[in-house]
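Read the structure below first, then the notes.
2 protein chains.
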Amino acid sequence: MSIRHLFPVQSWDFQSGSIISNLPPKEWSLLSAHMVEAQYNKGDILFKEGFYPNGIFFIRKGMAKKYRINKDGQEQIIYVASQGELVGYHAVLAEDRYPDSCALLEDSIVGFIPREDFLKTIDYSPLLSKRLLKTLSHEFAVLANNITFFSQSSVRERTALQLVVLREKYKPMNDKNGPVEITMSRENLSNLVGSARENVVRVLSEFKEAELITTNGRKIIILDVAGLIKIANLR
Amino acid sequence: MSIRHLFPVQSWDFQSGSIISNLPPKEWSLLSAHMVEAQYNKGDILFKEGFYPNGIFFIRKGMAKKYRINKDGQEQIIYVASQGELVGYHAVLAEDRYPDSCALLEDSIVGFIPREDFLKTIDYSPLLSKRLLKTLSHEFAVLANNITFFSQSSVRERTALQLVVLREKYKPMNDKNGPVEITMSRENLSNLVGSARENVVRVLSEFKEAELITTNGRKIIILDVAGLIKIANLR
DNA sequence: TGCGAGGATTGATAATTATCACTTTTGAAA
DNA sequence: TTTCAAAAGTGATAATTATCAATCCTCGCA
Numbered sequence: 137m138s139i140r141h142l143f144p145v146q147s148w149d150f151q152s153g154s155i156i157s158n159l160p161p162k163e164w165s166l167l168s169a170h171m172v173e174a175q176y177n178k179g180d181i182l183f184k185e186g187f188y189p190n191g192i193f194f195i196r197k198g199m200a201k202k203y204r205i206n207k208d209g210q211e212q213i214i215y216v217a218s219q220g221e222l223v224g225y226h227a228v229l230a231e232d233r234y235p236d237s238c239a240l241l242e243d244s245i246v247g248f249i250p251r252e253d254f255l256k257t258i259d260y261s262p263l264l265s266k267r268l269l270k271t272l273s274h275e276f277a278v279l280a281n282n283i284t285f286f287s288q289s290s291v292r293e294r295t296a297l298q299l300v301v302l303r304e305k306y307k308p309m310n311d312k313n314g315p316v317e318i319t320m321s322r323e324n325l326s327n328l329v330g331s332a333r334e335n336v337v338r339v340l341s342e343f344k345e346a347e348l349i350t351t352n353g354r355k356i357i358i359l360d361v362a363g364l365i366k367i368a369n370l371r
Numbered sequence: 137m138s139i140r141h142l143f144p145v146q147s148w149d150f151q152s153g154s155i156i157s158n159l160p161p162k163e164w165s166l167l168s169a170h171m172v173e174a175q176y177n178k179g180d181i182l183f184k185e186g187f188y189p190n191g192i193f194f195i196r197k198g199m200a201k202k203y204r205i206n207k208d209g210q211e212q213i214i215y216v217a218s219q220g221e222l223v224g225y226h227a228v229l230a231e232d233r234y235p236d237s238c239a240l241l242e243d244s245i246v247g248f249i250p251r252e253d254f255l256k257t258i259d260y261s262p263l264l265s266k267r268l269l270k271t272l273s274h275e276f277a278v279l280a281n282n283i284t285f286f287s288q289s290s291v292r293e294r295t296a297l298q299l300v301v302l303r304e305k306y307k308p309m310n311d312k313n314g315p316v317e318i319t320m321s322r323e324n325l326s327n328l329v330g331s332a333r334e335n336v337v338r339v340l341s342e343f344k345e346a347e348l349i350t351t352n353g354r355k356i357i358i359l360d361v362a363g364l365i366k367i368a369n370l371r
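One line per chain: the protein sequences are A and B, in this order. Here the working numbering runs 136 ahead of the position in the first sequence, where the first position is 1. Here the working numbering runs 136 ahead of the position in the second sequence, where the first position is 1.
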């Protein structure tokens with residue numbers, strides 16, 4: 137079931153996949169000349185905040201979290217990147233250290249493109265430049281959304297929203313018919329929602345009671361997206 | 137007094153001014169070919185969320201807030217842009233509506249550059265493209281900072297941080313020696329901090345008691361930046 | 001120079017969220 | 001299967017933040 141008529145998915149999604157999808161052959165061969173694909177395990181770290189970047193990453197299969205850890209060790213997940221998305225390009229383009237860290241949420245296949253190839257392809261291709269400008273500008277809108285929502289919504293609303301957003305990301309891993317299963321630890325979910333685990337768990341219990349979701353072991357199964365969207369109370 | 141050794145100013149500032157500062161003559165003449173400069177009054181609106189952009193704005197003198205308003209009418213200030221900064225380019229580059237609104241915080245002089253000239257200059261100038269990519273990527277880091285700080289810090293910490301950030305923005309309007317005066321309504325300050333006016337006022341009273349700040353009428357005068365930075369408790 | 005509307009402040013209290021302590025459940029390994 | 005460490009869930013309570021109701025100040029304007 138698509139929810140585009142009920143919920144502005146794109147307002148919460150970077151759509152970084154569109155940067156390289158259907159790139160002309162010449163561009164793609166320049167970019168992927170030295171691309172190395174590798175298998176990663178759940179929990180593996182692609183890059184860490186504060187380090188200088190050597191290249192960018194392409195998530196061919198799997199899912200990753202972009203997050204920051206504050207001085208108290210508290211983690212905040214900024215974004216969940218899924219299949220087809222690029223990560224790690226901000227630091228390269230800003231000519232700066234990584235502003236966040238990135239770890240895999242499940243076993244994944246990830247391509248690595250060296251910094252030089254990425255920059256060279258940008259120099260060669262106005263199309264790639266344009267696409268990057270477009271995606272980065274769109275990301276601004278997504279993050280502005282996030283800031284507003286974070287500062288003005290309750291834990292209950294934020295949890296409902298994140299479940300709706302996660303549902304979109306976990307869709308490709310699920311049976312096309314049938315409800316979407318989200319396999320994310322309560323710890324990660326609360327770091328995404330930006331609240332303590334206990335609070336998020338209590339909200340989940342409430343949602344379960346209201347039959348908006350159900351659980352199977354540790355998995356969260358979304359039963360009523362429309363209901364969750366209503367609770368998220370966007371506008 | 138510079139606080140760069142105490143506080144990472146750049147982590148909280150878009151630095152969009154660097155996009156057009158010292159642009160080569162040819163680029164600048166293309167970009168500014170039809171630029172119109174105008175005087176605006178405090179409170180005037182440059183653009184509104186949801187509208188399609190016709191061009192970008194250059195704040196020659198003054199200050200503007202970028203903000204979003206949620207369905208309850210609650211305003212969240214995303215960013216305060218000051219002298220020398222560009223605003224409104226995200227929507228043009230994303231080929232989308234404005235993700236936020238922008239209003240002037242004081243009487244200002246603002247230049248308007250038509251969409252077409254901006255895009256044409258980007259097409260012509262790899263340098264401008266590069267600078268935009270760099271600035272947009274840097275903005276990502278700033279917003280990621282904001283999200284983390286918003287979700288993990290108390291109103292007291294957030295208020296201290298914003299005062300430090302605002303001090304930098306209000307510096308140019310103040311006597312080079314002497315402390316910096318911030319002329320911002322408590323309403324705007326609390327919309328920036330992301331809390332109710334009353335809470336922010338109480339925090340200000342506490343800061344005043346501790347002689348970190350003082351007030352003169354409605355103006356806030358920063359007396360002890362180092363103390364505020366300590367309270368902001370960054371890392 | 002005094003007036004008044006809007007902005008700033010304070011106090012009291014309700015609602016939300018964080019934290020700590022503990023029990024139950026889960027799922028992977030023996 | 002059985003076991004057990006880690007994850008999930010629950011309850012009680014503290015801390016923070018929001019909200020409502022007043023009152024006090026400021027500053028532009030008559």
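Every residue gets a Cβ at the ideal spot worked out from N, C-alpha and C, and that includes glycine.
Counting contacts by CB-CB distance shorter than 9 Å, is residue i in contact with chain B?
i	result
residue 222(A)	no
residue 173(A)	no
residue 143(A)	no
residue 276(A)	yes
residue 279(A)	yes
residue 330(A)	yes
residue 139(A)	no
Quick check: what's the CA-CA separation for residue i versus residue j?
i	j	result
residue 151(B)	residue 313(A)	47 Å
residue 304(A)	residue 197(A)	15 Å
residue 200(A)	residue 248(A)	14 Å
residue 277(A)	residue 321(B)	26 Å
residue 254(B)	residue 191(B)	7 Å
residue 370(A)	residue 208(A)	31 Å
residue 282(B)	residue 285(A)	12 Å
residue 326(B)	residue 260(B)	42 Å
residue 221(B)	residue 153(B)	4 Å
residue 144(A)	residue 366(A)	13 Å
residue 339(B)	residue 348(B)	11 Å
residue 205(B)	residue 162(A)	44 Å
residue 310(B)	residue 159(A)	51 Å
Please say whether residue j and residue i have beta carbons closer to each other than 9 Å?
i	j	result
residue 292(B)	residue 342(B)	yes
residue 246(A)	residue 176(A)	yes
residue 232(B)	residue 274(A)	yes
residue 167(A)	residue 229(A)	no
residue 368(B)	residue 214(A)	no
residue 328(B)	residue 216(B)	yes
residue 244(A)	residue 202(A)	no
residue 237(A)	residue 317(A)	no
residue 212(B)	residue 290(A)	no
residue 358(B)	residue 315(B)	yes
residue 272(B)	residue 182(A)	no
residue 376(A)	residue 241(A)	Chain A is shown only over 137 to 371; residue 376(A) falls outside these bounds and no answer can be derived.
residue 300(A)	residue 195(A)	no
residue 266(A)	residue 319(A)	no
Mind listing the chain B neighbours of residue i? Cutoff is C-beta to C-beta under 7 Å, in chain order.
i	result
residue 158(A)	Simply none; closest approach about 17 Å.
residue 273(A)	226, 229, 230 and 272
residue 236(A)	280
Name the chain A residues whose beta carbon is nearer than 7 Å to that of residue i?
i	result
residue 284(B)	204, 206 and 212
residue 288(B)	206, 210 and 212
residue 371(B)	206 and 207
In chain B, which residues lie with their C-beta within 8 Å of the C-beta of residue i?
i	result
residue 270(A)	229, 230 and 231
Counting contacts by CB-CB distance shorter than 9 Å, is residue i in contact with chain A?
i	result
residue 200(B)	no
residue 188(B)	no
residue 165(B)	no
residue 250(B)	no
Please state the DSSP three-state secondary structure of residue i.
i	result
residue 258(B)	helix
residue 188(B)	coil
residue 277(B)	helix
residue 306(B)	helix
residue 196(A)	strand
residue 235(B)	coil
residue 154(B)	helix
residue 313(B)	coil
residue 419(A)	The question about residue 419(A) has no answer, for chain A in this structure spans 137 to 371.
residue 247(B)	strand
Just the chain A side, please: which residues come within less than 8 Å of residue i by C-beta, in chain order?
i	result
residue 244(B)	Result: empty, since nearest Cβ-Cβ is about 22 Å, beyond 8 Å.
Going along chain A in order, which residues have a C-beta closer than 9 Å to the C-beta of residue i?
i	result
residue 308(B)	Ordered by position in chain A, no residue passes the 9 Å Cβ test against residue 308(B), which lies about 25 Å from the chain.
Along chain B, in chain order, which residues have C-beta atoms closer than 9 Å to that of residue i?
i	result
residue 259(A)	262 and 266
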